[in-house]
Each structure stands twice: as C-alpha cells, then as structure tokens.
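One structure is given below, encoded as structure tokens.
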Ligand code: ARG
C-alpha cells in the first residue's frame, strides 16, 4: 500500500512515521501473516495462507450471475524471433486470468495476436530462400530463429542486392505472390511450432485454434482507413493518414497523433489493432476485451481504444482494458539480458528451470 506517502505529503509529515502510526492502529489479525514498512513509506502486507485458502474456498460456490463474453489477448509474440524471457509475463498473467474468468462462469475467448506480418518478413524470407537454395531443409535452417534472424540481418546490412530482394519481397508478400507466400508460410509454421512447445511446457492453454495473427486482418485494413477518413477521424498529414485525438492531448493541449497509414500506403500496428478490435466486438461479441501487454504500449492502447469508441466500432458499454505490467529487470536494474547482451530465450530458461528443480527435488 503506497497511500502513506501521498498522505504524508499533504499532512507535511514524515511518511515512514505516518506509516508506523497506521500500523499501530491496523488490525489484520487472521488476514496478514506479516506487515512491515519498506523504503520511503510503503506498507507491505503479506497475506496469511489460511486466509488466502479460505478466500479461494469461498469462491467455489461463487459463480457469476451475469456471465459475459470476455476476449483475452495474451502472449501474442512476434514470430520473426523466438520467445524471450519477457514473454513470460503476458503469457502467464493472461492465462491465469483466462482460467479464473472461465472458472467464474464467463465465456472466455483466447486470442493469440501473433505478429506474423510486416517489413521484417521480407528480409527473413529472402534469407530462407537463400539457405534453401543451398540445399538446406527449412526445419534445420530455422532450428534456431535467433541465429537465423542475425544471419539475415547481416546479409541485409552487408549486401545491397540482398537488401533489394528483401524489400521487393515485402511488396510481393503484400500482393500475395505465390512463391513469397509459400516461403513465408514455411517460416511461420516453424516459428509457431517453437511457441507451441513452450506453451505445452508451461501448461498454458494456448493452442492453434487461439491463433488469430496480424496477417488475418490484412483484408480489413483498407476498409478501416476508408471508414476513418469518411468519418473525418483520419486526416491527411504529410502524406500519411493520422487520427488526432484531443481526448489524449498533451500538457500543451496538442492532440495525440496515431498514424494509421504511412505515406507510402503501408498500414501499421495500430491499423491492425483497430481491425482486431472491430472483429472482437462484431464477430466474437465481446462484452469485455482484456489486453495483457507491457506498460510501454499504454499510449498505443489508449489511442486504439479511444479511436475504436469514437468510430463506433465499439459500443459504449463494452469494456476495453489494458492490463499493463512492467519490464523484467536483471539484478543490475536494467532490462534482463544475457552476459553478452542478448535476450534470454524462453526455451533455454525453461530447460534450466527444470534442471534446477530436479536438483532440488533430488536433494
Ligand atoms: N506482438 C506484440 C509485441 O510483441 C504484442 C501484441 C499485443 N496485442 C495486441 N493486440 N496489440 O509487442
């Protein structure tokens, strides 16, 4: 509980002393096993296990009387790379909430909004084509997606011809060129298989039927732009299409800009999220949509939610919720990295966790 600090400010008193006064009056008998003051004046309450157990027992006959359709967007990794340690948060928190809400009697629809589209894929399929032309098998070439990604990035930076091919493939992919789509699909299949292994190890309930990737909204994107333009919500700005939101204006009163189409015609992350939102309301009939994404995307989500409501894609009584969480930090207080500065693969972390657990159990 962090209220002691702001209260102390108003009372112009020492926050730790105020926290102590609060503790002196606090009676959490049977509820907390430990209460203490930490840092500048936080009050840490450790709930007693018997109390928690009792709360859980009480919920068993606490089915909801108003079942809702709840769409939960979670895990949603980008397929260009392997899942890393940061993906644990969305995957685990989202799955917990999915299970809890289901248990309470709600109709839960899991949506794995996988990132399977965008400019990176031009580079990746150009690399895949190159490696396959050397007689390699796709599964083998893609057995380590991190290595594969780095190889393709190296080619892209060092070889102008390769870079041209990669850029041309982005365009071809967008116009459904059969050869590009085939390579892309091979890449996606291998990447999805990596993720399924991880979900199984984690006992997370996400399967193929929950995958609703970014590419599945491609057909809707032009419609979104046209509709937002017709409603005069999206306007032209330096050749791009932008939604300016007064609702999210900054300190100076300048509206918050959300680009929905680039000047070259390309669509963006936000465009896809608007299409996904519309699908969740129109087709999935969501009463609530929950997003488990880290806090760095808070502004993005606010923009998407505000635009979705303004454009009438979402009725006012549908609840849109971004359940944000922080970043995984190493002991140095910086985002968690390996000693060499790379991201930690989730697959490797799980292998190590199992090894360490086995040691403990054997002891
Ligand atoms: N693929 C995104 C990322 O890795 C997360 C997607 C979350 N869901 C959404 N509807 N935007 O950052």
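In the numbering used here, the protein residues as written are -8 to 354.
Note that the Cβ used here is the ideal one computed from N, Cα and C, for glycine as well.
Tell me the residue span of the alpha helix (DSSP H) that contains residue 90.
By 1-based counting over the chain shown, the position of residue 90 is 99. That run of the alpha helix (DSSP H) goes 78 to 94.
At a cut of 8 angstroms, does the segment 221 to 229 reach the segment 273 to 285 through at least three beta carbon pairs?
no
Presumed contact (8 angstroms Cβ cut-off) between residue 64 and residue 196, rounded CB distance:
For the purposes of this step, residue 64 is identified with residue 73 of the chain shown, where counting begins at 1. For the purposes of this step, residue 196 is identified with residue 205 of the chain shown, where counting begins at 1. Between residue 196 and residue 64 the Cβ distance is about 14 angstroms, and since that is not below 8 angstroms, they are no contact.
Which first and last residues belong to the alpha helix (DSSP H) in which residue 313 is found?
The residue you call residue 313 lines up with position 322 of the chain shown. Element bounds for residue 313: not the alpha helix (DSSP H) but the beta strand (DSSP E), 310 to 313.
Give the straight-line distance between the Cα atoms of residue 325 and residue 81, rounded to the nearest whole angstrom.
Within the chain shown, the letter at position 334 stands for residue 325. Within the chain shown, the letter at position 90 stands for residue 81. In a straight line, the C-alpha of residue 325 is about 19 angstroms away from that of residue 81.
Kindly identify the DSSP beta-bridge partner or partners of residue 183.
What you label residue 183 is simply residue 192 of the chain shown in a count that begins at 1. Note: residue 183 sits in no beta bridge, so no partner.
When the Cα of residue 233 is compared with those of 243, 242, 244, 254, which residue comes out closest?
Along the chain shown, read from residue 1 onward, the residue named residue 233 stands at position 242. Residue 233 has its Cα closest to that of 254, out of 243, 242, 244, 254.
Residue 342 vs residue 76 beta-carbon contact at 7 angstroms:
Walking along the chain shown from the start, residue 342 turns up at place 351. Walking along the chain shown from the start, residue 76 turns up at place 85. No; because the gap between Cβ atoms is not below 7 angstroms, this pair is not in contact.
Just to confirm, does residue 284 get its C-beta within under 6 angstroms of one of the non-hydrogen atoms of ligand 1?
Within the chain shown, residue 284 is the residue found at index 293, counting from 1. Yes - ligand 1 has a heavy atom lying nearer than 6 angstroms to the Cβ of residue 284.
Please name the residue in 40, 26, 41 whose C-alpha comes closest to that of residue 34.
Looking up residue 34 in the chain shown gives position 43. Ranking 40, 26, 41 by Cα distance to residue 34 puts 26 first.
Do residue 101 and residue 117 have their C-beta atoms closer together than 7 angstroms?
Reading the chain shown from its first residue, position 110 is the one you call residue 101. Reading the chain shown from its first residue, position 126 is the one you call residue 117. No, the pair does not count as a contact, with Cβ atoms beyond the cut-off.
Between which two residues does the beta strand (DSSP E) carrying residue 247 extend?
Indexing the chain shown from 1 puts residue 247 at position 256. Looking at the DSSP string, the run of the beta strand (DSSP E) that includes residue 247 is 247 to 252.
Is any heavy atom in ligand 1 found nearer than 6 angstroms to the beta carbon of residue 166?
As a working mapping, residue 166 is identified with position 175 in the chain shown. Because no heavy atom of ligand 1 lies under 6 angstroms away, the Cβ of residue 166 does not count as near it: no.
Once DSSP output is grouped into helix, strand and coil, what is the label at residue 170?
Counting from 1 along the chain shown, the entry for residue 170 is found at position 179. Residue 170: helix per DSSP, three-state reduction.
Count the other CB atoms within 10 Å of the CB of residue 134; is the residue buried (16 or more) or exposed (fewer)?
Counted from its first residue, the chain shown places residue 134 at position 143. Residue 134 should be labelled exposed.
The segment 158 to 173 / the segment 109 to 116 touching (three or more Cβ pairs under 8 angstroms)
yes
With a threshold of 6 angstroms, establish whether the CB of residue -6 neighbours any heavy atom of ligand 1.
In the chain shown, counting from the first residue as 1, residue -6 sits at position 3. Because no heavy atom of ligand 1 lies under 6 angstroms away, the Cβ of residue -6 does not count as near it: no.
Residue 26 lies in the beta strand (DSSP E); which residues open and close that run?
Counting from 1 along the chain shown, the entry for residue 26 is found at position 35. From DSSP, the beta strand (DSSP E) with residue 26 extends over 23 to 29.
Please report the distance separating the alpha-carbon of residue 21 from that of residue 45.
Counted from its first residue, the chain shown places residue 21 at position 30. Counted from its first residue, the chain shown places residue 45 at position 54. Going from the Cα of residue 21 to the Cα of residue 45 covers about 11 angstroms.
Rounded to the nearest angstrom, how far is the Cβ of residue 36 from that of residue 10, given a contact under 8 angstroms?
Position 45 of the chain shown, counting from 1, holds the residue named residue 36. Position 19 of the chain shown, counting from 1, holds the residue named residue 10. Rounded, the Cβ-Cβ distance is 12 angstroms, inconsistent with contact.
Measure the C-alpha to C-alpha separation of residue 252 and residue 177 and round it to an integer number of angstroms.
Here residue 252 refers to the residue found at position 261 of the chain shown. Here residue 177 refers to the residue found at position 186 of the chain shown. If I take the Cα positions, the gap works out to 28 angstroms.
Residues bridged to residue 106 (per DSSP)
Looking up residue 106 in the chain shown gives position 115. Residue 106 pairs with 69.
Where are the alpha helix (DSSP H) runs, 4 residues long or more, that stay fully inside the segment 29 to 65, in chain order?
40 to 50
For residue 200, tell me which candidate among 192, 187, 208 has the shortest Cα-Cα distance.
For the purposes of this step, residue 200 is taken as residue 209 along the chain shown, with counting starting at 1. The residue with the shortest Cα to Cα distance from residue 200 is 187.
Report all residues from its chain with a CB closer than 7 angstroms to the CB of residue 295; omit the five preceding and five following residues, and keep chain order.
Counting from 1 along the chain shown, the entry for residue 295 is found at position 304. Within the same chain, residue 295 has close Cβ partners 261, 264, 265, 268.
Apart from the five residues just before and just after residue 220, which ones in its own chain have a Cβ nearer than 8 angstroms to its Cβ?
Counting from one through the chain shown, the residue named residue 220 turns up at place 229. Cβ within range, chain order: 226, 232.
In terms of alpha-carbon separation, which member of 198, 309, 24, 258 lies closest to residue 38?
By 1-based counting over the chain shown, the position of residue 38 is 47. When only C-alpha atoms are compared, the closest one is 24.
Between residue 360 and ligand 1, is the CB less than 6 angstroms from at least one heavy atom?
Residue coverage of the chain in this structure runs from -8 to 354, which leaves residue 360 outside it and unanswerable.
Helix or strand or just coil, what does DSSP make of residue 16?
To locate residue 16, count along the chain shown from 1; it is residue 25. Look at residue 16 here: in three-state DSSP terms it is helix.
Classification of residue 0 by the beta-carbon crowding that lies within 10 angstroms, buried from 16 upward
Here residue 0 refers to the residue found at position 9 when the chain shown is read from its first residue. Exposed.
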